[in-house]
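Student: Below is a structure I'd like to ask you about.
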Amino acid sequence: MLKEHFKKPAGEAETEISYEKPQAPDGLFQKCDGCGKIVLQEDIENNWYCCPKCGRYYRIGARERIPMIADENTFQEWDSGLTGGNPLQFEGYEEKLDTLRKSTGYAEAVVMGEARICGMRIALGVMSAEFLMGSMGTAVGEKITRMIGRATAERLPVVLFCCSGGARMQEGIFSLMQMARTAQAIKEHDEAGLLYIPVLTDPTTGGVTASFAMLGDVILAEPGALIGFAGPRVIRQTIGQKLPQGFQSAEYLLKHGFVDRIVRRERLRSTLGILLRSSGYGRKES
Amino acid sequence: MEEKNREGAVSAWDRVQIARSADRPYIKDFISRIFDGFLELHGDRLFGDDRAVIGGIAAIDKQYVTVIGQQKGRNAKENKRRNFGMPNPEGYRKALRLAKQAEKFSRPILFFVDTPGAFCGMEAEERGQGEAIARNLFELSDLRVPVLSIITGEGGSGGALAFAVANEVWMLENAVYSVLSPEGFAAILWKDKKRAEEAAEVMKMTAEELKGMGIVEKVIPEPQPANIADMDDLALSMRREIRSFLKYYQDMPAEEIVRRRKDRFRSYGVFD
Ligand SMILES: [Zn+2]
């Protein structure tokens, strides 16, 4: 159930896991929302977009992620211009998308393409929380489905960085259908004997968790990432009690057997390299 | 909104209320009237037996089918047992086990969908609610037997979709199917739960609207809102429709059945 776990109603104080994005900050100095200390922007960027003082992981989008993961200048975007419509004719939705496109520079909440990791060619997708909390509408579903389909046809492994509040409410039932479409594409990729690695980043919830995020051959997660089906606030309301510290964190999922490894950003590229190589990729390639 | 109701028809919000009504038939009521016999099977072989989900083998016209669906309760005691028709991960895993079993023995699968959604509890998260639903979507996508889903009451979100990766999805006239509840939708997009009635209109969650958008293939008429006290005619018409569904797919090669189901979902893509 994807109930109301995307945004806080105005006025409610959040006491546990914050849905406010700790965005990689702009400007020369920033106040870290983890430790409250003043930190140099440059130091954050040089520290894998983590706070140099307290180690807090900031949310990053495709722009920051791709250079961090891919071999230099190997990324080529697929379906860059693909966008969706307004299937429910929801008032103000198109304007909202236009504004977001201008402010974020992204056409949609996911960027797809191909790249090389340690020399091995892969299909790579990255979701960006800056764009409507990475919510999954038809365009996101279509891009992911096409990317996986092309990877199946070209026999490429898929690495997909998940980051999503869940369904794109404004697209109603069409948003829901994307869960089935993406899962179906992964099934075909799987049947073809190809490797799929979702990397779960903060936050991965709702319909994304209940579809492609949980269907990897190997599932990796970033430290401290919130990962769950229902959001913490919904669960709190449903059961009427406080949730324990660390509930739905990446570490909690590891403990309960739902992710394979928690990997720090500085180790991600080499970890992916090992997983790719050990799954038979890169043998015939230059 | 006025326009839509000009025929004195039922509003979307009325239908939400009808779909949630305690007088509405639940899966057990349908099973006993539509089929000639039913053998319930239990458990997910991993954790337990989720009583919010009923599954087993049914017979219709000497043909065996696997029937799976959510079961709500009619009173507090029953609802405690059935968890208001909100499955935990073991409910989805039981359903998947029975679906794979049906595939192995070439039985068509009939899902009856009636759920507010997958359960949002701590234990559900602990046992992988997201994984359980995802696994169903993944495995159901290429099952080699015909699959029919009938949304009879509430088709709530991913918890409903996990039982609706089908060759055809039908809805009773007063059933609803949506990405989340209208209350939740209003709370998220307008920060005001009280606008649920308006949300129900905007979301296009009624059977007729969803058929218009190609999300469902058939709307089963309810001359009167379906009621357990008087549902024999409805059950009879459902039986007739189910029989013709089974007949249509009877001799279809498995590859074709899979291809059609996949094409159905592929079509829910980008459009203008
Ligand atoms: Zn800090």
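So the sequence lines, in the order shown, correspond to chains A and B. Following the working numbering, the numbering of the first sequence begins with 1 at its first residue and continues without gaps. Following the working numbering, the numbering of the second sequence begins with 287 at its first residue and continues without gaps. Just so it is clear, CB atoms sit at the ideal spot from N, CA and C, and this is done for glycine as well. The model shown is predicted, which means the values in this text are computed figures rather than measured ones.
1) Using the C-alpha atoms, what's the distance from Lys-548(B) back to Asp-472(B)?
2) Would you say Lys-548(B) lies against chain D (beta-carbon separation less than 8 angstroms)?
3) Measuring CA to CA, which of Ala-295(B), Tyr-312(B) and Asn-374(B) is closest to Asn-513(B)?
4) If you measure from each CB to the nearest heavy atom of ligand 1 and keep those under 5 angstroms, what residues do you get, in chain order?
5) Between which two residues does the alpha helix (DSSP H) harbouring Trp-78(A) extend?
6) Is Asp-330(B) close to chain A? Criterion is C-beta to C-beta, closer than 8 angstroms.
7) Count the other CB atoms within 10 Å of the CB of Ser-516(B); is the residue buried (16 or more) or exposed (fewer)?
8) Can we say the region 451 to 459 of chain B touches the region 410 to 419 of chain B, given the rule of at least three CB pairs closer than 8 angstroms?
9) Leaving out the 5 sequence neighbours to the left and right, which residues in its chain are closer than 6 angstroms to Ser-211(A) when beta-carbon positions are compared?
10) If we ignore side chains and look at the alpha-carbon of each, how far apart do His-189(A) and Met-147(A) end up?
11) Against chain A, does Met-457(B) count as a neighbour if the rule is that its beta carbon must be under 8 angstroms from one of theirs?
12) Considering only their Cβ atoms, is the gap separating Gly-282(A) from Met-68(A) smaller than 8 angstroms?
13) Under a CB-based cut-off of 8 angstroms, is Ala-115(A) close to chain B?
14) Quick one: which chain B residues come within Cβ less than 8 angstroms of Gln-248(A)?
15) Give the range of the beta strand (DSSP E) segment to which Tyr-350(B) is assigned.
16) Hey, is the region 458 to 474 of chain B in contact with the region 424 to 434 of chain B, meaning 3+ C-beta pairs nearer than 8 angstroms?
17) When you check each C-beta in the region 417 to 445 of chain B against every C-beta of chain A, which residues fall closer than 7 angstroms?
18) Against Ser-464(B), what residues of chain A qualify as contacts under a CB-to-CB distance less than 9 angstroms, listed in chain order?
19) Contact between the region 30 to 37 of chain A and the region 159 to 177 of chain A is defined here as three or more beta-carbon pairs at a separation below 8 angstroms; is this criterion met?
20) Nearest to Gly-371(B) by alpha carbon, out of Leu-384(B), Gln-356(B), Ala-298(B) and Tyr-378(B)?
21) With C-beta atoms as the reference, is Gly-172(A) less than 8 angstroms away from Ser-464(B)?
22) Which residue spans inside the region 296 to 348 of chain B form an unbroken alpha helix (DSSP H) run of at least 4?
23) Whose C-beta lies closer than 6 angstroms to the C-beta of Met-538(B) among residues of the same chain, with five residues either side of it excluded?
24) Kindly indicate which three-state DSSP category Met-136(A) falls into: helix, strand or coil?
25) Report the neighbours of Arg-552(B) on chain A: residues whose CB is nearer than 8 angstroms to its CB, in chain order.
26) Between Gly-273(A) and chain B, is the shortest Cβ-Cβ distance under 8 angstroms, so that the two count as touching?
27) Output the boundary residues of the beta strand (DSSP E) element that contains Ile-395(B).
Tutor: Based on what the coordinates show:
1) Looking at the sequence shown, residue 472(B) is not Asp but Ala. In this structure, the straight-line span from the alpha carbon of Ala-472(B) to that of Lys-548(B) is close to 32 angstroms.
2) Looking at the structure shown, chain D is missing, and the protein chains on hand are A and B.
3) The shortest Cα separation from Asn-513(B) among Ala-295(B), Tyr-312(B) and Asn-374(B) belongs to Tyr-312(B).
4) The filter returns Cys-32(A), Gly-34(A), Cys-35(A), Cys-51(A), Lys-53(A), Cys-54(A) and Arg-56(A), in chain order.
5) Where Trp-78(A) is concerned, there is no enclosing alpha helix (DSSP H), although the beta strand (DSSP E) it sits in stretches over 76 to 78.
6) Chain A has no Cβ within less than 8 angstroms of the Cβ of Asp-330(B).
7) Residue 516(B) is actually Asp in this sequence, not Ser. Exposed, by the Cβ-count rule.
8) No, they do not touch.
9) Taken in chain order, the residues that qualify are Met-179, Thr-182 and Ala-183.
10) Cα to Cα, the separation comes out at about 11 angstroms.
11) Chain A contact via Cβ: absent.
12) No; because the gap between Cβ atoms is not below 8 angstroms, this pair is not in contact.
13) Judged by the 8 angstroms Cβ criterion, Ala-115(A) is not in contact with chain B.
14) Chain B residues near Gln-248(A): Glu-411.
15) Tyr-350(B): member of the beta strand (DSSP E) spanning 349 to 356, first to last residue.
16) No: fewer than three Cβ pairs fall under 8 angstroms.
17) Taking 7 angstroms as the Cβ-Cβ cut-off, the region 417 to 445 of chain B approaches chain A at Glu-417, Ile-419, Ala-420, Leu-423, Phe-424, Ser-427, Asp-428, Gly-442, Ser-443, Gly-444 and Gly-445, given in chain order.
18) Near Ser-464(B) (Cβ distances below 9 angstroms), the residues of chain A are Gly-172, Ile-173 and Leu-176.
19) Touching, no, given that fewer than three Cβ pairs across the two stretches are closer than 8 angstroms.
20) Comparing Cα positions, the closest option is Gln-356(B).
21) It is a contact, given that the beta carbons lie within the stated cut-off.
22) Fully enclosed alpha helix (DSSP H) runs of no fewer than 4 residues occupy 298 to 306 and 313 to 320 of the region 296 to 348 of chain B, in order along the chain.
23) Within the same chain, no residue comes within 6 angstroms of Met-538(B) by CB-CB distance, once the 5 residues on both sides are set aside.
24) In this structure, Met-136(A) counts as strand in the three-state DSSP scheme.
25) Thr-145, Arg-181 and Gln-184, listed in chain order.
26) The Cβ of Gly-273(A) sits no closer than 8 angstroms to any Cβ of chain B.
27) Secondary structure note for Ile-395(B): its beta strand (DSSP E) is the uninterrupted segment 395 to 401.
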